[in-house]
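In my numbering, the protein residues as written are 38 to 310.
All C-beta atoms in this analysis are idealised placements derived from N, C-alpha and C, irrespective of residue type, glycine included.
Predicted, not measured: the structure shown is a model, and the values here were computed from it.
What follows is a single structure, written as structure tokens, with notes after it.
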């Protein structure tokens, strides 16, 4: 059963969220990337909700959530995540952060480590690569000058390598990106330009899984460096996938995620001291 709801933050920002799956089951929280909304996880919901309580939401400025005024940072995005958990009545969860959702989730784990039973990074890193401020500034300027359709037209082929522009998945992603408010995207570009949550990653005391699309440039190597050395961490590379493996190759992605969740994420229900 799907249960949509909203959480209103102290600054008045309304965050759109959704719950699926059995009420008493362990909870998995899915955090979307920049330029997408909670529908980016649609393909995972049937399998996940069959055995877990699944909470997903639109990060601030995306989908049905209000767009912020001015720049954002990941401490604020992380606080949004914790607020959505509170609104859903979720005390503890396994969190899955896609791209920008990874530093969002790391900021939340740094603020409240006892609330996370497991951490899954999907094509996201703990700290931004050098030179990304210029890239995101250019993207921000393009969005303001030419609109979000221009961002969609340039981003979708990079994120879904090997898919023709007319393919159904390509068209769905283009629509999702084009529907992102300029203000929401612009706010996110400030957070993405230069961030460093490596200390939060190193402090993770829960089971960790890093999943990368094999065709996502240097991302598999970067994730292996940043997460692979953590005690007990697992890494996985999804063949034929780019930046959104859950969206481009959903069956392969879901198998990897479920194997981790079933095998390690909820081995104990006791919260850390």
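Just verifying my parser: in three-state terms, what is the DSSP assignment at residue 89? Residue 89 falls in the coil class under three-state DSSP.
Using a threshold of 9 Å, state whether the C-beta atoms of residue 76 and residue 256 are closer than that. Against a cut-off of 9 Å, the Cβ pair of residue 256 and residue 76 comes out as no contact.
Reducing DSSP to helix, strand and coil, say where residue 308 ends up. Interpretation of residue 308 is limited by its pLDDT of 43, a score under 50 that renders its predicted location unreliable; the figure taken from the coordinates is listed afterwards. Three-state result, residue 308: coil.
Between which residues of its own chain and residue 247 is the CB-CB distance below 6 Å, once the five residues before and five after are set aside? So the qualifying residues of the chain are 158, 260, 264, 272.
Starting from residue 45 and walking both ways along the beta strand (DSSP E), at which residues does that stretch end? Note, residue 45: beta strand (DSSP E), 40 to 45.
Roughly how many angstroms separate the alpha carbons of residue 189 and residue 270, rounded to a whole number? In a straight line, the C-alpha of residue 189 is about 34 Å away from that of residue 270.
Tell me whether the beta-carbon of residue 130 lies closer than 9 Å to the beta-carbon of residue 97. The answer is no: Cβ separation not under 9 Å.
Residue 272 by DSSP, collapsed to three states: which one? In the structure shown, residue 272 adopts extended strand secondary structure according to DSSP, grouped into three states.
6 Å Cβ shell around residue 165 - same chain, five flanking residues per side excluded: These residues qualify, in order along the chain: 231, 232.
How big is the Cα-Cα spacing for residue 225 and residue 283? The alpha-carbon separation between residue 225 and residue 283 amounts to approximately 21 Å.
In chain order, what residues of the same chain have a beta carbon less than 6 Å from the beta carbon of residue 41, not counting five sequence neighbours either side? The answer, listed in chain order, is 55.
Which same chain residues end up closer than 8 Å to residue 149 when comparing Cβ atoms and leaving out the 5 residues on each side of it in sequence? Once the five neighbours on either side are set aside, the close Cβ partners of residue 149 are 119.
Select from 79, 46, 85 the residue whose C-alpha is nearest the C-alpha of residue 116. The residue with the shortest Cα to Cα distance from residue 116 is 46.
Thinking C-alpha only, which one of 107, 69, 84 is nearest residue 48? That would be 107, whose Cα lies nearest to the Cα of residue 48.
Buried or exposed for residue 240, please, with buried defined as at least 16 other CB atoms from any protein chain shown within 10 angstroms of its CB. Exposed, by the Cβ-count rule.
Per DSSP, which one or two residues make a beta bridge with residue 134? Beta-bridge analysis with DSSP links residue 134 to 68, 158.
Over the uninterrupted beta strand (DSSP E) stretch that includes residue 250, give me the two end residues. Per DSSP, the unbroken beta strand (DSSP E) holding residue 250 starts and ends at 245 to 250.
Could you name the residues of the same chain whose beta carbon sits closer than 6 Å to that of residue 67, not counting the 5 residues immediately before and after it, in chain order? The answer, listed in chain order, is 78, 93, 133.
Straight-line CA distance for residue 60 to residue 84? Whole-angstrom Cα-Cα distance: 16 Å.
Determine, using beta carbons only, whether residue 123 and residue 65 come nearer to each other than 9 Å. Taking 9 Å as the Cβ cut-off, residue 123 and residue 65 do not qualify as a contacting pair.
Give every residue of the same chain whose Cβ lies closer than 7 Å to the Cβ of residue 143, excluding the five residues on either side of it in the sequence, and list them in chain order. Closer than 7 Å at the Cβ level, and outside the excluded window around residue 143, lie 163, 234, 237, 238.
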